[in-house]
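Using full-length UniProt numbering, you'd call the opening residue of the sequence shown number 9 and step up by one each time. Backbone N, C-alpha and C fix where the C-beta goes; we use that ideal spot for every residue, glycine too.
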Amino acid sequence: FSQEKSQSIRAQFPILEQSVNNEPLIYFDNAATSQTPHSVVEALADYYHHDNANIHRGVHTLAEQATRAYEGSRQYIADFIGAKDPSEVIFTSGTTDGINFLARGLVEDQLETDDIILTTPLEHHSNLVPWQELCQRKGAKLEYMPLNEDFQVNLSMLKKRNTENIRAIVIQHVSNVLGVEQPIQALSEWARDHDILLIVDGAQAIPHQAINVNDLGVDAYCFSGHKAYGPTGIGVCYLNERHHQQARPVQYGGEMIHFVGDYESNYKDSPWKFEAGTPPIAQAIALQTALEYINQTGVEAIAQHEAALTQQLYQGLQKIDGIELYQSPAIIARNPHGIISFNFTTIHPHDAASAYDMEGIAVRAGHHCAQVLMRKLDVAATLRASVGMYNTAAEVEQFLLVTKKIKEFFDYVSI
Ligand code: PMP
């Protein structure tokens with residue numbers, strides 16, 4: 009971005025103006041949660057100031073306004089992700105909620121003893137533990153697909169395997185630790201040929217690149233609002249229309265029913281049959297505003313800006329002695345998705361994260377909800393710096409300076 013554009017973006021995020029520990033805040037924890045622009049906070053306030061009412065059932069004006077805005081957001085999101093129809097957009101509370109719904113509502117009934125679900129060792133726990141639990145309960149097997157050395161699924165090895173019992177592939181689009189993007193489109197062609205469901209965790213892809221679920225050819229695709237400049241408590245599960253009949257609601261109650269008898273009931277069509285109870289209306293509406301903001305800024309422009317920052321971060325860290333990087337230059341070149349995982353060879357990541365915080369810099373330390381991957385990398389925890397559209401080259405420079413300072417400080421105290 010030009011300096012002018014960068015400034016105008018940052019002006020939309022008042023949270024960035026504050027000091028932390030007397031230093032200007034540098035927010036490099038976007039892979040965990042991104043900040044929300046003015047317009048999103050306004051959309052939430054506007055809803056409560058003007059439209060707050062329960063949706064769908066009311067005939068009064070406010071109920072109609074709230075319903076129109078809620079369903080309007082669904083339509084906007086459908087267009088944003090390239091869904092064929094708004095009925096394919098199911099509101100959830102986030103990625104975790106969406107994946108749990110798919111495990112129980114879509115896959116469970118199709119899964120038999122000794123069936124197989126394929127996944128990768130890179131998954132976030134939210135796209136792993138629900139499948140472990142399901143497999144245990146149904147006597148099915150969870151299997152890790154072979155990876156190339158760049159952590160992408162090895163398609164040629166995969167294609168040689170017997171596909172008989174494979175029911176589903178559950179895979180992230182982009183890794184929250186390594187930024188690696190999986191070849192979803194190629195996987196979907198293979199999966200479709202073999203009648204295998206393809207379920208994708210898109211939590212780390214949505215805010216950073218254009219997504220078209222139709223081009224990707226997925227059966228389901230989940231993401232969270234709070235990682236895409238939207239509010240917490242809202243997410244989306246895209247479910248391809250061909251599964252709407254077969255998929256089963258996992259929550260029952262008000263809003264999702266068509267007719268309630270004394271002993272049994274029937275349900276509305278998708279998406280409403282999957283949205284029991286009063287949904288997070290304000291958040292759903294404000295998610296549209298967040299995606300509008302991404303569109304307005306330009307998805308491609310954001311991706312390019314973040315790619316430049318990723319390279320700058322990586323190359324800067326490469327030059328500092330005593331830093332271990334977990335992504336190869338080739339991985340960064342192919343996947344500049346704003347995420348860098350690293351460690352100081354002699355400093356515990358939690359100590360380092362506290363030292364960064366003392367300098368006003370927010371980075372994350374830990375296993376990043378990816379303990380299987382941590383074991384593969386042979387580390388207990390890493391530091392992770394992750395950027396968003398409002399971060400700047402100057403912030404990266406400052407981060408690199410602070411990194412050197414932390415290294416020197418710990419070298420000094422350990423003499
Ligand atoms: N998958 C990935 C790749 C993630 O990065 C995250 C959030 N860290 C999740 C799933 C879970 O998202 P949520 O906590 O919003 O449900």
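Roughly how many whole angstroms lie between the Cα atoms of residue i and residue j?
{"i": "L391", "j": "G269", "result": "55 Å"}
{"i": "L385", "j": "Q335", "result": "10 Å"}
{"i": "K160", "j": "A194", "result": "Reading the sequence as shown, one finds Gln at residue 160 and not Lys. Approximately 12 Å between the Cα atoms of the pair."}
{"i": "A111", "j": "N29", "result": "44 Å"}
{"i": "H216", "j": "D227", "result": "21 Å"}
{"i": "K167", "j": "K149", "result": "19 Å"}
{"i": "Y55", "j": "W198", "result": "44 Å"}
{"i": "A39", "j": "T297", "result": "20 Å"}
{"i": "N222", "j": "P138", "result": "25 Å"}
{"i": "P257", "j": "Y364", "result": "45 Å"}
{"i": "residue 8", "j": "I207", "result": "Lying outside 9 to 423, the shown extent of the chain, residue 8 is not represented and no answer is given."}
{"i": "Q320", "j": "G346", "result": "10 Å"}
{"i": "G225", "j": "G90", "result": "11 Å"}
{"i": "Q212", "j": "E151", "result": "23 Å"}
{"i": "R372", "j": "E25", "result": "20 Å"}
{"i": "C377", "j": "Y271", "result": "42 Å"}
{"i": "P357", "j": "H202", "result": "43 Å"}
{"i": "D105", "j": "P287", "result": "13 Å"}
{"i": "A311", "j": "H266", "result": "43 Å"}
{"i": "R65", "j": "E72", "result": "9 Å"}
{"i": "A255", "j": "Q379", "result": "30 Å"}
According to DSSP, is residue i part of a helix, a strand, or is it coil?
{"i": "F267", "result": "strand"}
{"i": "L205", "result": "strand"}
{"i": "R169", "result": "coil"}
{"i": "K13", "result": "helix"}
{"i": "E367", "result": "coil"}
{"i": "R200", "result": "helix"}
{"i": "V404", "result": "helix"}
{"i": "T69", "result": "helix"}
{"i": "E258", "result": "In the sequence under discussion, the amino acid at residue 258 is Val, which differs from the Glu named in the question. Coil at V258, not helix or strand."}
{"i": "N274", "result": "strand"}
{"i": "P32", "result": "strand"}
{"i": "E283", "result": "coil"}
{"i": "S232", "result": "strand"}
{"i": "A213", "result": "coil"}
{"i": "N351", "result": "strand"}
{"i": "Y420", "result": "helix"}
{"i": "S394", "result": "strand"}
{"i": "G243", "result": "strand"}
Sorry if obvious, but does the Cβ on residue i come closer than 7 Å to a heavy atom of the ligand PMP?
{"i": "H132", "result": "yes"}
{"i": "C377", "result": "yes"}
{"i": "G346", "result": "no"}
{"i": "T127", "result": "no"}
{"i": "N108", "result": "no"}
{"i": "N193", "result": "The sequence shown places Gln at residue 193, not Asn. No, since every heavy atom of the ligand PMP falls outside the 7 Å radius drawn around the Cβ of Q193."}
{"i": "Q217", "result": "no"}
{"i": "A39", "result": "yes"}
{"i": "T44", "result": "no"}
{"i": "A199", "result": "no"}
{"i": "A315", "result": "no"}
{"i": "N135", "result": "yes"}
{"i": "S273", "result": "no"}
{"i": "N184", "result": "yes"}
{"i": "N389", "result": "Rather than Asn, the amino acid found at residue 389 in this sequence is Ala. Checking the Cβ of A389 against the ligand PMP gives no."}
{"i": "G324", "result": "no"}
Would you say the beta carbon of residue i comes nearer than 7 Å to a heavy atom of the ligand SAH?
{"i": "G243", "result": "In the structure shown, the ligand SAH is absent; the only ligands present are the ligand PMP."}
I'd like to know if residue i contacts chain C, where contact means its C-beta is closer than 8 Å to some C-beta of that chain.
{"i": "I214", "result": "Checking the listed chains, one finds no chain C in this structure; it contains a single protein chain."}
Using CA atoms only, rank isn't needed, just tell me which of the options is closest to residue i.
{"i": "T127", "options": "G147, P94 and L205", "result": "L205"}
{"i": "E416", "options": "A393, T353 and G368", "result": "T353"}
Exercise. Considering only residues of the region 127 to 185, which uninterrupted beta strand (DSSP E) runs meet the minimum length of 3 residues and lie entirely inside it, listed in chain order?
Worked result: 149 to 152 and 174 to 180
Exercise. Could you give the uninterrupted runs of the alpha helix (DSSP H) lying entirely in the region 36 to 123, keeping only those of 4 residues or more?
Worked result: 46 to 54, 69 to 89 and 103 to 109
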